[in-house]
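In my numbering, the protein residues as written are 14 to 389.
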């Protein structure tokens with residue numbers, strides 16, 4: 014079998030496997046939907062199943078883009094479209110394999126029939142029919158693969174109206190996040206560096222009018238301490254806006270540095286051939302830092318892991334830990350990460366069943382531009 018045929022055949026097999034998985038997920042969704050109104054025991058499993066549905070839909074959408082020869086769509090969660098696709102995939106996924114298998118089975122039947130009368134005009138007709146059936150089956154494989162890819166995109170890709178709504182919501186979230194960030198900076202300046210500098214000015218003013226050398230030395234010492242604290246506050250403020258380590262070592266080096274600063278063992282696996290834009294780097298870095306902080310402080314984990322890579326036009330970060338699980342997907346810190354990511358059309362998927370493990374999965378559609386900076 015040539016490579017040209019191997020890809021469509023493997024595509025049909027993958028679609029069939031996805032169809033079987035779709036049946037399983039549909040049954041699980043139905044079971045969770047029944048349990049939720051009873052009293053809530055199905056809420057957490059429903060979140061887990063929804064996450065699996067989203068992962069399967071994202072995989073199929075990326076594969077469909079490769080089959081159809083264009084860039085994949087950005088990661089978006091739309092439960093209605095994903096459920097509709099799941100139902101269609103459960104039927105059409107195995108359908109391609111069954112159709113080709115049925116055609117080839119018919120071919121085998123005709124071959125057996127021609128063996129009954131090997132030296133008759135019917136034999137020639139059946140032989141031609143065998144050749145025609147095999148040709149149809151071979152030609153149908155790539156067509157079926159493309160048809161299933163087109164169907165997946167038709168259902169899963171957002172329409173123009175949905176896209177406009179998503180962009181509007183994303184822009185509103187970005188504006189809200191920027192306003193909140195400005196308020197935080199203003200508050201930190203007011204309560205930190207500004208207060209320290211006011212203290213410096215007051216101490217210097219008192220020292221200027223004091224006549225006792227000992228009092229002058231004490232006031233100058235207090236002013237010196239306040240100035241040092243003001244500088245420390247300003248450094249912390251700058252680190253909270255755009256950490257210098259990002260500019261010095263790039264996203265890969267910054268994430269590795271963040272992993273070294275948590276008091277648990279962190280396995281780091283980073284594969285970035287180049288750097289994304291600076292705002293994207295900042296958003297992903299803070300997401301990684303927040304997830305690692307949660308793992309170290311709240312999960313009771315002994316080990317964590319970080320996976321960072323870029324594939325198919327999507328930057329993907331996974332931060333996981335072996336802790337107790339049960340992280341709140343709507344917590345303040347996690348909500349802050351989502352707002353930060355929404356400015357870049359990015360998503361955050363939190364998988365944290367009771368008992369663990371926990372995984373924070375960040376996906377941002379972006380291109381890599383700048384040359385890679387060594388983390389060393």
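Ideal placement from N, C-alpha and C gives every residue a C-beta, glycine not left out. These figures come from a predicted structure and were not determined experimentally.
- Runs of the alpha helix (DSSP H) spanning 4 or more residues and lying entirely within the segment 289-343 occur at 291-310, in chain order.
- In this structure, residue 100 sits away from residue 165, with a CB-CB distance that is not shorter than 8 Å.
- Take residue 258, set aside five residues on each side of it, and the residues of its chain with a beta-carbon closer than 6 Å to its own are 267, 270, in chain order.
- In this structure, residue 338 lies away from residue 329, with their beta-carbon atoms at least 8 Å apart.
- The beta carbons of residue 64 and residue 364 sit closer together than 8 Å.
- In this structure, 277 is the residue among 324, 277, 261, 303 with its C-alpha nearest to the C-alpha of residue 335.
- For the segment 220-278, the full-length alpha helix (DSSP H) segments reaching 4 residues or more read 226-254, 257-273 along the chain.
- Less than 8 Å separates the beta-carbon of residue 67 from that of residue 362.
- Using a Cβ distance threshold of 8 Å, residue 39 and residue 103 count as a contacting pair.
- When the Cα atoms are used, residue 29 and residue 316 turn out to be separated by approximately 37 Å.
- DSSP places residue 380 outside both helix and strand once states are collapsed to three, so it counts as coil.
- Residue 289 holds the alpha-carbon nearest to the alpha-carbon of residue 382 among 347, 289, 307.
- Comparing alpha carbon positions, the residue from 206, 229, 217 closest to residue 244 is 206.
- Annotated as distal: residue 273 and residue 297, with beta-carbon spacing of 8 Å or more.
- For the pair residue 350 and residue 303, the CB atoms are nearer than the 8 Å cut-off.
- Taking 8 Å as the upper bound for CB-CB distance, residue 240 and residue 211 are not in contact here, some 12 Å apart.
- For residue 354, the enclosing alpha helix (DSSP H) begins and ends at 345-355.
- In the displayed model, residue 285 falls within coil according to three-state DSSP, outside both helix and strand.
- Here the C-alpha atom of residue 20 lies approximately 38 Å from the C-alpha atom of residue 342.
- In summary, residue 161 is buried, with 16 or more beta-carbon neighbours lying within 10 Å of its beta-carbon over all protein chains present.
- If you draw a straight line from the Cα of residue 301 to the Cα of residue 226, it comes to about 52 Å.
- Excluding the 5 residues flanking it on each side, residue 215 has no same chain C-beta neighbour closer than 6 Å.
- According to the DSSP secondary-structure assignment, residue 280 is paired through a beta bridge with 318.
- Taking 8 Å as the cut-off, the Cβ atoms of residue 359 and residue 377 count as close.
- For residue 94 and residue 70, the gap between their C-alpha atoms comes out near 10 Å.
- Straight-line spacing of the CA atoms in residue 332 and residue 282 works out to 10 Å.
- By alpha-carbon distance to residue 314, the top candidate from 228, 320, 217, 275 is 275.
- The alpha-carbon of residue 202 is positioned some 8 Å away from that of residue 247.
- Look at residue 364 here: in three-state DSSP terms it is strand.
- Separation of the CB atoms of residue 45 and residue 62 is rounded to 6 Å, and the pair is thereby assigned contact status at 8 Å.
- Ranking 345, 340, 353, 355 by CA distance to the CA of residue 368 puts 340 first.
- The beta-carbon distance between residue 73 and residue 43, rounded to whole angstroms, is 21 Å. This is too long to meet the 8 Å contact definition.
- Of 81, 355, 354, the smallest CA-CA separation from residue 167 is found for 81.
- For the options 106, 237, 352, the alpha carbon positioned closest to that of residue 35 is the one of 106.
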